[in-house]
Structures are given as C-alpha cells and as structure tokens.
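*Asks:* Quick one: the structure is below, and I'll ask about it shortly.
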Amino acid sequence: MPGTFIDVELDDSVRGDRELAAKLEEACPVDIYASGEGVEVVEENLDECVLCELCIKAAPPGKLRVRKLYDGTALEA
Amino acid sequence: MRFYEYESRRILAREGIPLSKHGFARSAEEAKRVAAEIEGPVVIKSQVLSGGRMKAGGVKFADTPEEAEAHAREILQLEIGGHMPRGVLVDARAAIKQEYYAGVIYDGVRKRPTFVFSDMGGIDIEEVADTNPERIGRGHFSTILPHMDFRAKDVIASIGITGSELNRLTPILSKLARLFLKYDMTLAEINPLAQLEDGTFVAVDAHMDLENEARPRQRELLEELGVGDEETREAREPTEFEIRGEQIDAVDHRGVAGNVTEFDGNLGLVIGAGGGSLTLFDAVRRHGGKPANYCEIGGNPSVSKAKNLTKLVLEKPGVDKIAVMMSIVSNTRVDIVARGVIKACLELGHDPAEKIAVFRIPGAWEEEGFKILEKYGVEYYDRSVSMHEAARRAVEKVGAASDGAGPSVDEHPPATVDAGTSGEGEAP
Numbered sequence: 003m004p005g006t007f008i009d010v011e012l013d014d015s016v017r018g019d020r021e022l023a024a025k026l027e028e029a030c031p032v033d034i035y036a037s038g039e040g041v042e043v044v045e046e047n048l049d050e051c052v053l054c055e056l057c058i059k060a061a062p063p064g065k066l067r068v069r070k071l072y073d074g075t076a077l078e079a
Numbered sequence: 338m339r340f341y342e343y344e345s346r347r348i349l350a351r352e353g354i355p356l357s358k359h360g361f362a363r364s365a366e367e368a369k370r371v372a373a374e375i376e377g378p379v380v381i382k383s384q385v386l387s388g389g390r391m392k393a394g395g396v397k398f399a400d401t402p403e404e405a406e407a408h409a410r411e412i413l414q415l416e417i418g419g420h421m422p423r424g425v426l427v428d429a430r431a432a433i434k435q436e437y438y439a440g441v442i443y444d445g446v447r448k449r450p451t452f453v454f455s456d457m458g459g460i461d462i463e464e465v466a467d468t469n470p471e472r473i474g475r476g477h478f479s480t481i482l483p484h485m486d487f488r489a490k491d492v493i494a495s496i497g498i499t500g501s502e503l504n505r506l507t508p509i510l511s512k513l514a515r516l517f518l519k520y521d522m523t524l525a526e527i528n529p530l531a532q533l534e535d536g537t538f539v540a541v542d543a544h545m546d547l548e549n550e551a552r553p554r555q556r557e558l559l560e561e562l563g564v565g566d567e568e569t570r571e572a573r574e575p576t577e578f579e580i581r582g583e584q585i586d587a588v589d590h591r592g593v594a595g596n597v598t599e600f601d602g603n604l605g606l607v608i609g610a611g612g613g614s615l616t617l618f619d620a621v622r623r624h625g626g627k628p629a630n631y632c633e634i635g636g637n638p639s640v641s642k643a644k645n646l647t648k649l650v651l652e653k654p655g656v657d658k659i660a661v662m663m664s665i666v667s668n669t670r671v672d673i674v675a676r677g678v679i680k681a682c683l684e685l686g687h688d689p690a691e692k693i694a695v696f697r698i699p700g701a702w703e704e705e706g707f708k709i710l711e712k713y714g715v716e717y718y719d720r721s722v723s724m725h726e727a728a729r730r731a732v733e734k735v736g737a738a739s740d741g742a743g744p745s746v747d748e749h750p751p752a753t754v755d756a757g758t759s760g761e762g763e764a765p
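So the protein sequences, as listed, match chains A and B.
According to this note's numbering, the first sequence is numbered sequentially starting from 3.
According to this note's numbering, the second sequence is numbered sequentially starting from 338.
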C-alpha cells in the first residue's frame, strides 16, 4: 500500500535479494526498507522519504523507483 | 524559571548579601520554632510562585511564636493564583528606616544587563517608573568585561544618594550584578532593600528568574536548592494540550515541535523558525486574530512529527482553521512540513484546502512543497509575501474579530507585499 505522497516500486526480480535488502536498510535514513527474507518496504515510513536517492544508488539500475504521488514523477536509476 | 523567595534569599546569602533573620518552614510547627529562634515579631509569608500574596492573605504579622504557628497553619492551606504554597518564610520584622529597590534585569534591546535602582522600594518598580521616574537610576554593564563596582556606584549616585549610604549600597548592588551573571539570571531583584535604624542594609524580599536554557549549566545551584529537573517553575501548570505537545516532541528526535502553549482562540498555529514563531504570533494578534496556541517548529521535523503536532492543534476544541507559517531562516524543508500538515488534515477527515487557512513556509525544497500544496488546493505563499501579510490573510480567512487586546488592523497596517520573488531574502 502506498503512502499518501510517496510510493516505492521494486522490480520482482530483486524482491528476494537479501544482499540488496541489507544495503537498502542501511542506506535509507528514514527506515523505509527492512531486510528479512528479501526486501521489505515499511509502509508507515513511506511518507518520511526525504528524496535523498540513496536507495536508488544502492539498487541495480532500473530495479527500484521512488514515485512522488503528488506530481506523478519518479526518481529512478 | 522562577525561584521561590526562600530560594532567592539563599542565593543572596551565597553571594554575601546581608539578609534579615529568617527561616523557611514547611509546617506550622516548624514556623513556630523558627519564630522562637528569631526572638521577636515576625512576618509569615506564603511561598508561592505568584504575585499578590499580601492581597490574597498570604502575608501575616505575628508577635509571638504561637501567633506565627497559627498564621502559618492558615497560610499553608491558602491557594494563591492557583498555587498551593511550598511552605512559609518566617522573617524578622525589622525596624526599617527606609526602603530601596535594587534590581538587575536583561535589556533585550541593548542586549546587555542593566541596573535598576530606586530609593522608593517596597512598591512595584513599574509604579515608581510611572509616578516618579526621576527616582530611578539605570545603567547597563558588560557581560564580557570584568564587573567594576563604580558602575553600580554611578547608578546609585545618579538619584542623589551620597556618603555612607552610597558606600554601603554599592557593594550590595554590585554583588547582585555579579550573581546575575554568575547564575545566568534574567531577573535578580531585592525589593525592599531595607535600611535599618542602625544604618545597615538588609534584603527583606527577593525575586529571581533563571534563564531556562541555563538549567544544565546551573545544575550545582539547582541541586543545592533541591530543584528537580521535573519542576518547570512556570507561572501555571501545563495543560493537557501542552503535555501532549511535549510528548509529540519527545518521542521523535527529528527536528523540533516545542514550546506548545495553549490559548483559547480559534486559529491554530503551526509556526516556527528563528524567532518566526514570536513574530507570527504577534502578527496574528496585531491583525485581530485569536490564536488557539503557540508553538515552535523547525530543525527539519519528521513528517510524522509535523503531522502529530498539526493533529493536536486541529483537534483542539474551538479551532476553525490552522495557519502554517514560518520565517525563511530555519531552512526547514517545506515539502516535509507540507506533507505533515496535509496528512494530519486527511487523517482527521478534513479537506486540507478548507482547514489550512494559509501556508507560508519559504525556503528549502519549496518547489517540491508547493507541488504538494497545489495538489491539495492549499493556499500558499512564497517569500514575497511577508510574515505579517500572511498572518493578516490567515486572520481574514478565519473571520476572527479583534478581541480588543491588541491594536486594530487600522492602527497597524499590514506590510506591503512585494511583487515577484527576488530569490534573495524575504519580504519584511
């Protein structure tokens, strides 16, 4: 479920990637990602996104997108 | 934070300022014991953090220890200004020849402490300033350079005091100045400073306020006086609304949503930034608005902190709309605050466009913030609209009439709004 202002789209091919999950968890300053069986998105923190792009840089190109729901644009690698 | 009189006296004693013989008592029995030790007529004074003690019956005179005990018993049960006394001060009733006023306050305009001295003590110094301004001596002194006694002497001499009185008063006023600096006071006053029949001087009443921000630095003094961290020492107890505000700030370390203070108006305020809160609050009042609260947000609060503060304000009974306004100087992100306040509206089932009277936060990430506000139809302003003008428009939108406490709009026309955005600075 998306936040009010921000959503994260993750390619299915990397959802189970534990290594990526750990990198995203470490990179995000507002705890949007958690690592478990794979990449987990903490929905209640989505709107805290500060658009820092650290997750975009940590993810393989084209596999993660941060969508700004208020203007329809997205941050992506 | 305020000190009780008995604490103020302990601070004076610490610094060698002479005092009338006295003792603090928490019970009527203790008061009797202190009165017996004083061996003479005494005054029993309620120890509360509010003025008007005499008028409220919180000051009584006793000639015997038994009378002192009886008065103390009454006073200890007497609520004054919403406060129950901490105890009573039993003070020797000295034969006074003349009463003086000695004080040090901080002059916010000159940004220096200033002496205030008068030979008309025992009454409010403000009253003396109104009726006999020539009987008050004033003089600033430095917070950086070493304190010199002659500065105090000049002030006392300026109202015509000479000779041995001048020589005896100078060290007292000088010590008061030194303790003002040493203990980070915002006010240190002795009123009255009494000259006894034998020509000596003693402090008969004292009032001191410590700068709140200095509490950690003055831990040793506060521990000595037994002042706990939990004691806010404000003029009144915090309301439920204010306690919830503190909790919102405390549970999330990100940014600030502090000093939440309750008022009884209909315009909720989510305001902040580098003095912006006070300016905006005053501007709302000046334009006839009735603030429902005061607060200070800044330092990049999280979305949830901004949201929770906004929800607290919106849920306050009587709040019609909120005004979200800041100065530019804090660089708090506009988009983050915009998300927080809009989310609060949505979660409470309000239309943000309806509930947010104005949004005026210029600065970091403002383009992103304005996109969010546009999506939800919220009226927003950039830096080309002054804080005063934003406040005026907020008041206009909430439809508040002047409560008569502040000047009318006509007396203080709003600042003119510059056309266009320069990109540098903001409108005055």
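A virtual CB, placed ideally from N, CA and C, is assigned to each residue, including glycine.
What's the gap between the Cα of A738(B) and the Cα of L56(A)?
*Replies:* By 1-based counting over the second sequence, the position of residue 738(B) is 401. By 1-based counting over the first sequence, the position of residue 56(A) is 54. The predicted model places A738(B) with a pLDDT of 39, which falls under 50 and marks its position as unreliable; any figure quoted below should be read in that light. Approximately 50 Å between the Cα atoms of the pair.
*Asks:* Can you pull the chain A neighbours of I709(B), defined as C-beta to C-beta under 7 Å?
*Replies:* For the purposes of this step, residue 709(B) is identified with residue 372 of the second sequence, where counting begins at 1. Under the 7 Å cutoff, chain A gives F7 and Y72.
*Asks:* Quick check on DSSP: helix, strand or coil for L482(B)?
*Replies:* As a position in the second sequence, residue 482(B) is number 145, starting the count at 1. L482(B) falls in the coil class under three-state DSSP.
*Asks:* Under three-state DSSP, which class holds M306(B)?
*Replies:* Only positions 338 to 765 of chain B appear in the structure, and residue 306(B) is not among them; the question remains open.
*Asks:* Would a check of beta-carbon distances place E85(A) closer than 8 Å to chain B?
*Replies:* Outside the shown range of chain A (3 to 79) lies residue 85(A), about which nothing can therefore be said.
*Asks:* Rounding to the nearest angstrom, what Cα-Cα distance links E45(A) and P483(B) in this structure?
*Replies:* Along the first sequence, one-based indexing puts residue 45(A) at 43. Along the second sequence, one-based indexing puts residue 483(B) at 146. Computed Cα separation, rounded: 59 Å.
*Asks:* Go through its chain and collect everything with a Cβ distance to P744(B)'s Cβ below 7 Å, but skip five positions before and after it.
*Replies:* Looking up residue 744(B) in the second sequence gives position 407. With a pLDDT of only 36 at P744(B), under 50, the local geometry of the prediction cannot be trusted, and the value read off the model is given with reservation. Hits under 7 Å: R623.
*Asks:* Tell me which same chain residues have a C-beta within less than 8 Å of the C-beta of G760(B), skipping the five on either side of it?
*Replies:* Looking up residue 760(B) in the second sequence gives position 423. Any reading at G760(B) must be qualified, since the residue scores a pLDDT of 36, below 50, and its modelled position is unreliable; no value is offered.
*Asks:* So, with DSSP's three-state summary, where would you put E599(B)?
*Replies:* Within the second sequence, the letter at position 262 stands for residue 599(B). Looking at E599(B) - three-state DSSP - the assignment turns out to be strand.
*Asks:* Any Cβ of chain B within less than 8 Å of the Cβ of E78(A)?
*Replies:* Residue mapping note: residue 78(A) aligns to position 76 of the first sequence, counting from 1. Judged by the 8 Å Cβ criterion, E78(A) is not in contact with chain B.
*Asks:* For D19(A), count neighbouring C-beta atoms within 10 Å of its own C-beta (all shown protein chains included) and say buried if the count is 16 or more, exposed if not.
*Replies:* The residue labelled residue 19(A) in the question sits at position 17 within the first sequence. When all chains shown are included, D19(A) counts as buried.
*Asks:* Mind listing the chain A neighbours of L683(B)? Cutoff is C-beta to C-beta under 9 Å, in chain order.
*Replies:* Taking the first residue of the second sequence as 1, we reach residue 683(B) at position 346. Per Cβ cutoff of 9 Å: T6.
*Asks:* Give the range of the beta strand (DSSP E) segment to which Y343(B) is assigned.
*Replies:* As a working mapping, residue 343(B) is identified with position 6 in the second sequence. Note, Y343(B): premise wrong, no beta strand (DSSP E); alpha helix (DSSP H) at E342 to R351.
*Asks:* What are the residues in the region 361-387 of chain B lying within 7 Å of chain A by C-beta distance?
*Replies:* Cβ contacts with chain A come from no residue of the region 361-387 of chain B.
*Asks:* Can you give the Cα-Cα distance for L26(A) and E344(B), rounded to whole angstroms?
*Replies:* Start at 1 with the first residue of the first sequence, and residue 26(A) comes out as number 24. Start at 1 with the first residue of the second sequence, and residue 344(B) comes out as number 7. Looking at the two C-alpha atoms, the distance is approximately 56 Å.
*Asks:* Using a Cβ-Cβ distance under 8 Å, would D33(A) count as near chain B?
*Replies:* As a position in the first sequence, residue 33(A) is number 31, starting the count at 1. Chain B contact via Cβ: absent.
*Asks:* Within 10 angstroms of its Cβ, does I679(B) collect 16 or more other Cβ (buried), or is it exposed?
*Replies:* Position 342 of the second sequence, counting from 1, holds the residue named residue 679(B). The residue in question, I679(B), is buried, as its Cβ has 16 or more Cβ neighbours within 10 Å.
*Asks:* Please state the DSSP three-state secondary structure of D755(B).
*Replies:* Working through the second sequence from its first residue, we reach residue 755(B) at position 418. Residue placement at D755(B) cannot be trusted, given a pLDDT of 32 that sits under 50; the coordinates are not used to answer.
*Asks:* With DSSP run on the structure shown, which of helix, strand or coil describes H687(B)?
*Replies:* Here residue 687(B) refers to the residue found at position 350 when the second sequence is read from its first residue. Coil at H687(B), not helix or strand.
*Asks:* Mapping the DSSP letters down to three states, classify A429(B) as helix, strand or coil.
*Replies:* Counting from 1 along the second sequence, the entry for residue 429(B) is found at position 92. Correct three-state label for A429(B): strand.
*Asks:* At the 8 Å Cβ level, is R347(B) part of the contact set with chain A, yes or no?
*Replies:* The count along the second sequence starts at 1 and reaches residue 347(B) at position 10. It does not: the Cβ of R347(B) has no partner Cβ on chain A nearer than 8 Å.
*Asks:* With which residues is R475(B) paired in a DSSP beta bridge?
*Replies:* Along the second sequence, one-based indexing puts residue 475(B) at 138. Note: R475(B) sits in a beta bridge opposite V453(B).
*Asks:* Hey, could you find the ends of the beta strand (DSSP E) Q532(B) is sitting in?
*Replies:* Numbered from 1 along the second sequence, position 195 holds the residue referred to as residue 532(B). M522 to L533 is the span of the beta strand (DSSP E), which, as asked, contains Q532(B).
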